[in-house]
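Residue numbers (my numbering), protein chains in the order written: chain L, 1 to 184; chain S, 1001 to 1184.
For every residue, glycine included, the Cβ atom is placed at its ideal position computed from N, Cα and C.
Report on one structure; see the data block that follows.
2 protein chains.
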Amino acid sequence: MNDLKDIIKNRRSIRKFQNKEVSTEIINDLLYSAKWSPSWGNSQCWELIIIDDEKQKYNLSQTLTKKNPASLAARNAPIVIAICAQKKKSGYYKGEAITKFNEWFMYDLGLVTQNICLTAHCLGLGTVIIGAFNHNKAKKILKLPANYEIVSLLPVGYPAHSPSPTKRRKISTFVHKNHFNFPK
Amino acid sequence: MNDLKDIIKNRRSIRKFQNKEVSTEIINDLLYSAKWSPSWGNSQCWELIIIDDEKQKYNLSQTLTKKNPASLAARNAPIVIAICAQKKKSGYYKGEAITKFNEWFMYDLGLVTQNICLTAHCLGLGTVIIGAFNHNKAKKILKLPANYEIVSLLPVGYPAHSPSPTKRRKISTFVHKNHFNFPK
Chain L
1 MNDLKDIIKN RRSIRKFQNK EVSTEIINDL LYSAKWSPSW GNSQCWELII IDDEKQKYNL
61 SQTLTKKNPA SLAARNAPIV IAICAQKKKS GYYKGEAITK FNEWFMYDLG LVTQNICLTA
121 HCLGLGTVII GAFNHNKAKK ILKLPANYEI VSLLPVGYPA HSPSPTKRRK ISTFVHKNHF
181 NFPK
Chain S
1001 MNDLKDIIKN RRSIRKFQNK EVSTEIINDL LYSAKWSPSW GNSQCWELII IDDEKQKYNL
1061 SQTLTKKNPA SLAARNAPIV IAICAQKKKS GYYKGEAITK FNEWFMYDLG LVTQNICLTA
1121 HCLGLGTVII GAFNHNKAKK ILKLPANYEI VSLLPVGYPA HSPSPTKRRK ISTFVHKNHF
1181 NFPK
């Protein structure tokens, strides 16, 4: 257990990478972790695009909001994983959304992403989850069919910096007993 | 790395639990893993409700769709964690949603959930992620303020069965190179 606790605690968002390739073996380990993610009714709506083409990485980096500190990461990482989903699978039953939240694939992709990020960290690699970009432009660049969505971009590579942990809420500020029981 | 690979591979959805309490120490380990989850701009929108009250568990189990095989799990597990979020934090900037997906908290809660599920499995506990229930009824039962949402329920306890792995898509069916490159 201590190992997993350390992996979870010591994972950082990495935005600068060494000029060092990520091997096929390592990419396969990341994909293996994705494969074993849980999902809505085991619907496995995920699609993962591994991007190592320089032009594609550049084009995708241009879809980020200008202020995004991960813009260079998307351009310079040896690989970027585009985390995508097929629509109308997760959260649906017989073609109809059956919960309050129509985009349940967001939740399932979060589960997949964390499996990938923890595995990467465990193998000595760094990742940063990018969500603030123009999704429609990225969808076009990646030639996604209409019934798929790209949700996040994940640059992956060997870290070239060691960021300090970001500040975290104390557990007591987000845990409740039996019902929501404190005012914010 | 083999350890994490095994944890990820061997986690199952557990719907039957032993009549055995989950210690405060273990609950704290789960909360610690939640605390160190990544999130949109480190916004940490999560709120976790630990439910051990029998009446609350029963009431929540009644919000599940009738066919849901996890209905008994929500009622009989020693604890159920309600995974909730404050709205308009994740995916927002100065009060405005800044991506195509307004409910980015779904993605962040997926990240948190996987940290909790892996940690639980590592400690010998089982979990099952429940998404198919009446969210508005559950929100009322849990006395959530209007600007919060409950997304999933997570029964947690010592497993009383050992389910086989569910069938998974082969990696080759969900991985693409540089752009979406096969028809479905």
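Along the region 69-101 of chain L, the positions whose C-beta sits under 9 Å from a C-beta of chain S are Ala82, Cys84, Gln86, Ser90, Gly91, Tyr93, Ile98, Thr99, Lys100 and Phe101, read in chain order.
Taking one beta carbon from each stretch, the region 156-163 of chain L and the region 75-88 of chain L have 3 or more pairs nearer than 8 Å; the two touch. Using a C-beta cut-off of 8 Å, the region 1173-1180 of chain S makes no contact with the region 1128-1140 of chain S, since fewer than three inter-stretch Cβ pairs fall below that distance. For Phe1101/S, the closest of Arg169/L, Val22/L, Ser152/L and Asp29/L by C-alpha to C-alpha distance is Ser152/L. Here Leu1030/S carries a helix assignment [DSSP, helix/strand/coil].
The CB of Glu1021/S never comes closer than 9 Å to any CB in chain L; the least such distance is about 15 Å.
Look at Thr63/L: its C-beta is not under 8 Å from any C-beta on chain S. Annotation: Leu1004/S to Ser1037/S spans about 16 Å, alpha carbon to alpha carbon. In this structure, the straight-line span from the alpha carbon of Ile1141/S to that of Tyr1148/S is close to 13 Å. For Val175/L, the C-beta contacts it makes with chain S under 7 Å involve Leu1031, Leu1048 and Ile1050, in order along the chain. For Leu1109/S, the uninterrupted alpha helix (DSSP H) segment begins and ends at Phe1105 to Cys1122.
If you look at Gln1086/S, you'll find it isn't in any alpha helix (DSSP H); it sits in the beta strand (DSSP E) that goes Ile1079 to Gln1086.
Annotation: Cβ neighbours of Leu118/L in chain S (cutoff 7 Å, chain order): Leu1004. Of the candidates Lys94/L, Leu31/L and Asn59/L, Leu31/L places its Cα closest to the Cα of Cys117/L. Distance from the CA atom of Asn115/L to the CA atom of Leu1109/S, rounded to whole angstroms, is 13 Å. Every unbroken stretch of the alpha helix (DSSP H) spanning 4 or more residues and falling wholly within the region 120-160 of chain L is given here in chain order: 135-141. When secondary structure is reduced to three states using DSSP, Trp1036/S falls in the coil class, being assigned neither helix nor strand.
The contact set of Leu144/L on chain S, defined by CB atoms closer than 7 Å, consists of Phe1180 in chain order. Here the alpha carbon of His121/L sits roughly 28 Å from the alpha carbon of Ser90/L.
Think of a sphere of 9 Å around the beta carbon of Gly157/L: no beta carbon from chain S falls inside it, the nearest being about 17 Å out. A check of alpha carbon separations from Lys139/L across Met106/L, Cys84/L and Pro163/L identifies Cys84/L as the nearest. Shortest Cα-Cα distance from Cys1045/S to any of Thr1113/S, Lys1167/S and Thr1166/S involves Thr1113/S. At least one beta carbon of chain S lies nearer than 8 Å to the beta carbon of Pro38/L. The beta carbons of Phe1180/S and Leu72/L sit no closer together than 8 Å. In the structure shown, Lys1170/S adopts coil according to DSSP, grouped into three states.
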